[in-house]
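In our numbering, the protein residues as written are 4 to 455.
Glycine included, each C-beta is placed from N, C-alpha and C at the ideal position.
This one's a predicted model, so the numbers in the text were calculated from it and none came from an experiment.
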């Protein structure tokens with residue numbers, strides 16, 4: 004018996020050339036908008052080049068050899084991993100430089116890194132330490148010849164946050180200890196995305212305070228660091244603050260600034276559209292990182308003031324823009340860079356059991372729900388007509404079902420297809436082994452495989 008294809012793909016060895024709507028794709032199916040992918044890759048590459056910063060996109064977002072390769076082709080300096088296992092997978096993709104943005108303290112992970120350094124003598128590997136204990140684990144777990152190649156970053160953090168030293172004196176002492184040992188002191192790291200205050204002004208003030216601490220520590224250790232030291236921060240939400248502060252503060256020190264954003268490659272319809280400087284944050288009001296009313300704006304995800312823009316998904320200011328559901332760029336857009344949604348999930352309407360309720364065949368097994376529920380955006384009817392769904396909201400999801408609140412008059416029939424936007428790409432990618440890349444009419448032009 005032939006092996007079943009990955010979830011969401013039709014039977015056969017190669018779906019390229021097939022059309023998403025030809026009736027052969029078993030739904031739900033996640034898809035990548037090829038034009039939006041290209042736009043996002045080029046936008047971030049151009050931004051980093053213009054501001055003379057380096058990019059080490061977080062590989063955990065996609066864990067896809069096809070997408071990681073495209074990031075490298077667009078000038079990525081390195082690729083970031085969160086675990087030793089992820090670092091090994093990225094190395095298998097041929098990534099030449101890996102920034103392991105975490106402490107590594109368990110014997111199994113250290114053995115994996117040791118083997119990785121043995122198998123890839125060309126590999127540049129960075130990792131974090133935020134205590135004498137985490138440094139000692141590295142020193143004890145790697146062969147001496149591999150320690151000489153290891154680039155260690157001192158990680159600093161914020162009170163109530165995640166990893167990273169809270170006290171700058173302790174951070175300086177750890178940096179001195181690294182510099183005196185067999186590994187290379189490579190610089191300073193932090194993750195500002197963990198900062199979350201009740202309003203955006205307070206959040207940005209704490210982000211900036213952390214960045215000032217990075218700069219001060221880099222200046223203090225400039226004479227201790229090895230060749231080509233780096234200062235790295237910048238997730239997918241506040242990388243503009245990093246770019247606005249660190250390069251200038253580090254001028255003349257020899258430190259280069261490295262961003263680690265991963266979600267830019269597909270962006271989203273929720274959390275990062277609200278938080279990213281290439282999304283809605285630049286014009287958001289008070290009320291927290293998501294603006295007044297939370298991430299969906301007052302009144303829900305398609306209400307005026309939410310991230311869809313006035314008028315719903317196809318209205319002025321919405322993410323579709325003028326040019327249709329697959330995001331063709333119109334003229335006269337804003338001067339500031341904007342990212343475009345590139346990751347969606349299509350699912351059928353399974354039932355209309357009540358006048359104000361539709362049940363779609365999509366659940367938490369298919370789309371992220373940890374940072375906002377999926378967003379119904381488009382309806383494709385039996386005749387192939389595509390129309391927006393500006394007043395339809397997902398109110399809950401089960402493993403395989405989504406509950407859609409609809410107006411009783413909404414023309415949403417059993418068998419219609421719904422395109423959902425997602426919030427937080429990382430936890431949608433990991434639900435799919437293969438995701439078709441489609442052109443403007445839904446024809447598959449490539450497939451992005453994943454390794455989770």
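In this chain, the beta strand (DSSP E) harbouring residue 130 covers 127 to 132. Apart from sequence neighbours up to five positions away, the residues of its chain that approach residue 93 with a beta-carbon distance below 6 angstroms are 62, 82, 84 and 101, ordered along the chain. Rounded to the nearest angstrom, the gap between the Cα atoms of residue 220 and residue 172 is 9 angstroms. Contact check for residue 392 and residue 403: beta-carbon distance about 20 angstroms, past the 8 angstroms limit, so the pair fails to qualify. By alpha-carbon distance to residue 194, the top candidate from 157, 203, 202 and 123 is 157.
The beta carbons of residue 411 and residue 358 sit about 4 angstroms from each other, so the pair counts as a contact at 8 angstroms. In this chain, residue 22 is not harboured by any beta strand (DSSP E), its DSSP state being neither H nor E.
DSSP places residue 403 outside both helix and strand once states are collapsed to three, so it counts as coil. Residue 398 counts as exposed, since fewer than 16 other beta carbons sit within 10 angstroms of its beta carbon. Put simply, of 166, 378 and 435 the residue whose alpha carbon is nearest the alpha carbon of residue 406 is 378.
In this chain, the beta strand (DSSP E) harbouring residue 361 covers 360 to 363.
Residue 159 holds the alpha-carbon nearest to the alpha-carbon of residue 104 among 136, 363 and 159. A check of alpha carbon separations from residue 175 across 216, 161 and 139 identifies 216 as the nearest. In this structure the region 181 to 188 does not lie against the region 196 to 216, because fewer than three pairs of beta carbons, one per stretch, are closer than 8 angstroms. In this structure, residue 40 sits near residue 268, with a CB-CB distance shorter than 8 angstroms. Residue 351 is bridged by DSSP to 420. Here DSSP, grouped into helix, strand and coil, assigns residue 265 to coil. When Cβ pairs closer than 8 angstroms are counted between the two stretches, the region 223 to 236 is seen not to touch the region 9 to 28, the count staying below three. For residue 124, there is no enclosing beta strand (DSSP E), as DSSP marks it with neither H nor E. If you look at residue 106, you'll find it isn't in any alpha helix (DSSP H); it sits in the beta strand (DSSP E) that goes 100 to 106.
Segment contact: the region 438 to 445 against the region 31 to 50, three or more CB-CB distances shorter than 8 angstroms; contact assigned. Here the alpha carbons of residue 201 and residue 106 stand approximately 29 angstroms from one another. Distance from the CA of residue 389 to the CA of residue 64, rounded to the nearest whole angstrom, comes to 29 angstroms. Taking the CA atoms as reference points, residue 355 sits about 15 angstroms from residue 365. Distance between residue 7 and residue 14, taken at the CA atoms: about 7 angstroms. Taken in chain order, the complete alpha helix (DSSP H) segments of 4 or more residues contained in the region 15 to 56 are 37 to 54.
Every unbroken stretch of the alpha helix (DSSP H) spanning 4 or more residues and falling wholly within the region 207 to 277 is given here in chain order: 242 to 252. Where residue 390 is concerned, the enclosing beta strand (DSSP E) starts and stops at 389 to 391.
The beta carbons of residue 264 and residue 60 sit closer together than 8 angstroms. Here residue 455 is exposed. Its C-beta has fewer than 16 other C-beta atoms within 10 Å. When only Cα atoms are considered, residue 23 and residue 347 end up about 12 angstroms apart. Residue 190 carries a strand assignment under DSSP once its states are collapsed to helix, strand and coil. Only exposed fits residue 124, as fewer than 16 other CB atoms lie within 10 angstroms of its CB. Note on geometry: alpha-carbon atoms of residue 46 and residue 161 lie some 30 angstroms from one another. DSSP places residue 71 in the helix class (H, G or I) of the three-state scheme.
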